[in-house]
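Notes follow the structure.
Number of protein chains: 2
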Amino acid sequence: MNERYICVNGEMIQANSLCISASDLAIQRGYGIFDFLVTVNGKPIFLEDHIHRFYSSAKSMHLPVLLSQSALIDAIEQLMQKNNLPNSGIRITLTGGDSPDGYSIGNPNLIISQSPFNYQDQVFEKGLKLITHEHQRQLPFIKTIDYLKAIYLQPTIKSAGADDVLYFFNGVVTECPRANFFMVTEQNEVLTPKDNILHGVTRKKILELNGYQIKASDISIQMLATAKEAFISSSTKNILPVISIGNKLLGDGKPGPITRNLYQQLIQLKEISF
Amino acid sequence: MNERYICVNGEMIQANSLCISASDLAIQRGYGIFDFLVTVNGKPIFLEDHIHRFYSSAKSMHLPVLLSQSALIDAIEQLMQKNNLPNSGIRITLTGGDSPDGYSIGNPNLIISQSPFNYQDQVFEKGLKLITHEHQRQLPFIKTIDYLKAIYLQPTIKSAGADDVLYFFNGVVTECPRANFFMVTEQNEVLTPKDNILHGVTRKKILELNGYQIKASDISIQMLATAKEAFISSSTKNILPVISIGNKLLGDGKPGPITRNLYQQLIQLKEISF
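Here is the structure:
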């Protein structure tokens, strides 16, 4: 197997030679941001949206980015050429950098890494079981590296026989740790939480799909019981049907027609073929 | 200058040769815990309390520790001998480890590092200015590496001319990002928040000091306005007087007599001499 390349602060190096100082603020204080996008047949999907969000996250967290937006895009293209992985996930990480006092921001490390990734159509039919948990992510609009609660909850999710957790706070549904949430109302409206969430790129694209009233709106925890269908969305998951939330089965426990239709529209938009 | 040593997964290596894989869950997902203790004249202060909390944090976060408690204490002693730094800070960090999928826990990395540290008596007289901010730390009882909000708020703290931030949530005061909080009531009671905080080792020792009614109790944000004195506590700060909170000066803006008395008791207990 050829060793993969990784881009660190603008330099292409072999992935296995990368190492991060233990005094980096990511390790010392969990301080960093990232973004993640998928390439299909050598084409980065929704690249500009991800780049835009990455720079927006960096700015919000007071982290300077060594490369300009166009230089970052160039680096991604170079990395893709060097690695020759047409179907992949690309992660752009920006850490707090080496900190002289273990608390203040240093020179952030900018790491672009690529790994094999393929969409799997068959996951769709299986659907997902969710449990709910009261939690509000801190700085929800910013794509930080903070997944502390999500990973902490893994044993709870597993012991409930579930696939993922849906957060709510003060009675209002927000999101899953790595995906946005949508539900279909009895009136066939498609709703997705509007506040205190990460603005997912896939969520944004779904809000622009056709054929239904799709809108951002508060969803109370009680409304979940009335959902005809529900699904989650992310760059790696596309649209995945939710078949149960807690003990409540949604509809007949199979992916519903609206979820299915939106999924087809989304994979056409992304030019994914199975 | 001699290069310092660091203990990584039980091995003593030169500190500058340490590097952490970018796929460690600390960098990928901000997942890790730590503890921090001070040595004075070659003696670790409240070592057992810190070790106990470290293992408790690790267990809560589902992170196995490679070394037993006695082996960890041995490693700390070895490190102190090798580095010959009688006055120091010792940080024990446990990361989520290399994760195969960037999400699940791998083999945690256990890193013990030592750096020069000396208590500074003169900081006491200056006192601290705090601002308040509504925030509840996630998993507050566990000493995780999550200081995202604290570092994010640094520019806000600086622009207010303050030294640190005091968190409150739902009207109840909790703690500073790296220190516990105490206030003296009009009845000369010394109160420290009881819930949703990190249980600081120094806080615990202060609760056992003599001469005053010192107790853990809810402190509402309104009660701050009535404080005759206030102070914060931590392993590195000992006791530091708070002279103002927001725009409100406490007392005459100088360290008060009860704060001063408790400080003297604490440094005697820790056998610190200036």
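Taken in sequence, the protein lines are chains H and L. Each residue of the first sequence is one higher than the one before, starting from 1 at the first, in the working numbering. Each residue of the second sequence is one higher than the one before, starting from 1 at the first, in the working numbering. Think of the CB as a built atom: it goes at the ideal place given N, C-alpha and C, for glycine as much as any other residue.
Collapsed DSSP secondary structure at residue i in the structure displayed
i: residue 110(L); result: strand
i: residue 185(L); result: coil
i: residue 208(L); result: coil
i: residue 152(L); result: helix
i: residue 227(H); result: coil
i: residue 167(H); result: strand
i: residue 44(L); result: strand
i: residue 252(H); result: coil
i: residue 190(H); result: strand
i: residue 160(H); result: coil
i: residue 103(L); result: coil
i: residue 14(L); result: strand
i: residue 143(H); result: coil
i: residue 116(L); result: strand
i: residue 258(H); result: helix
i: residue 214(H); result: strand
i: residue 121(H); result: coil
Within chain H, partners of residue i - CB distance below 8 Å
i: residue 21(L); result: 18, 19, 20
Given residue i as reference, the closest of the options once Cα atoms are compared
i: residue 107(H); options: 69(H), 8(H), 52(H), 118(H); result: 8(H)
i: residue 186(H); options: 251(H), 12(H), 89(H); result: 251(H)
i: residue 14(L); options: 22(L), 21(L), 5(L), 195(L); result: 5(L)
i: residue 156(H); options: 171(H), 256(H), 179(H), 130(H); result: 130(H)
i: residue 73(H); options: 214(H), 119(H), 45(H), 124(H); result: 45(H)
i: residue 198(H); options: 236(H), 181(H), 229(H); result: 181(H)
i: residue 195(L); options: 169(L), 113(L), 211(L); result: 169(L)
i: residue 219(L); options: 230(L), 206(L), 237(L), 119(L); result: 230(L)
i: residue 128(H); options: 264(H), 184(H), 255(H); result: 255(H)
i: residue 38(H); options: 257(H), 238(H), 142(H); result: 238(H)
i: residue 51(H); options: 61(H), 76(H), 30(H), 135(H); result: 76(H)
i: residue 47(L); options: 69(L), 29(L), 62(L); result: 69(L)
i: residue 113(H); options: 242(H), 85(H), 132(H); result: 85(H)
i: residue 102(H); options: 27(H), 167(H), 272(H); result: 27(H)
i: residue 125(L); options: 259(L), 56(L), 94(L), 162(L); result: 259(L)
i: residue 132(H); options: 145(H), 161(H), 24(H), 71(H); result: 161(H)
i: residue 236(L); options: 215(L), 104(L), 209(L), 115(L); result: 115(L)
i: residue 139(L); options: 140(H), 148(H), 271(H), 139(H); result: 148(H)
Amino acids of chain L, ordered along the chain, whose beta-carbon sits closer than 7 Å to that of residue i
i: residue 42(H); result: Going along chain L, no residue has its Cβ under 7 Å from residue 42(H), so there is no contact; the nearest lies around 22 Å.
Chain L contact residues for residue i, given Cβ-Cβ distances below 9 Å
i: residue 105(H); result: 151, 154
Interface partners of residue i on chain H, CB under 9 Å
i: residue 139(L); result: 148, 149, 152
i: residue 61(L); result: 148, 151, 152
DSSP beta-bridge partners of residue i
i: residue 237(H); result: In the DSSP output, where bridge partners are listed per residue, residue 237(H) has none listed.
i: residue 176(L); result: 179(L)
i: residue 267(L); result: Per DSSP, none; premise fails for residue 267(L).
i: residue 23(L); result: Partner(s): none; residue 23(L) has no beta bridge.
i: residue 93(L); result: 34(L), 111(L)
i: residue 5(L); result: 14(L)
i: residue 133(H); result: 167(H)
i: residue 68(H); result: DSSP lists no partner for residue 68(H).
i: residue 232(L); result: 181(L), 240(L)
i: residue 197(H); result: Residue 197(H) is not bridged to any residue.
i: residue 128(H); result: 242(H)
i: residue 58(L); result: BP columns for residue 58(L) are empty, so no partner.
Partner residues on chain H for residue i, Cβ-Cβ distance less than 7 Å
i: residue 29(L); result: 145, 147, 151
i: residue 111(L); result: 22
Exposure of residue i, with buried meaning 16 or more beta-carbon neighbours within 10 Å
i: residue 188(H); result: exposed
i: residue 174(L); result: buried
i: residue 1(H); result: Because residue 1(H) sits at a pLDDT of 45, beneath the cut-off of 50, its placement in the model cannot be relied upon, and the following sentence gives the value as read from the coordinates. The residue in question, residue 1(H), is exposed, as its Cβ has fewer than 16 Cβ neighbours within 10 Å.
i: residue 123(L); result: exposed
i: residue 225(L); result: exposed
i: residue 92(H); result: buried
i: residue 200(L); result: buried
i: residue 97(L); result: buried
i: residue 100(L); result: exposed
i: residue 109(L); result: buried
i: residue 262(L); result: buried
i: residue 143(H); result: buried
i: residue 24(L); result: buried
i: residue 146(H); result: buried
Check: residue i C-beta below 7 Å from any heavy atom of the ligand GDP
i: residue 81(H); result: Although the ligand GDP was asked about, the structure shown includes no ligands whatsoever.
Under 8 Å by beta carbon: chain L residues contacting residue i
i: residue 26(H); result: 26, 27, 30
i: residue 95(H); result: 27
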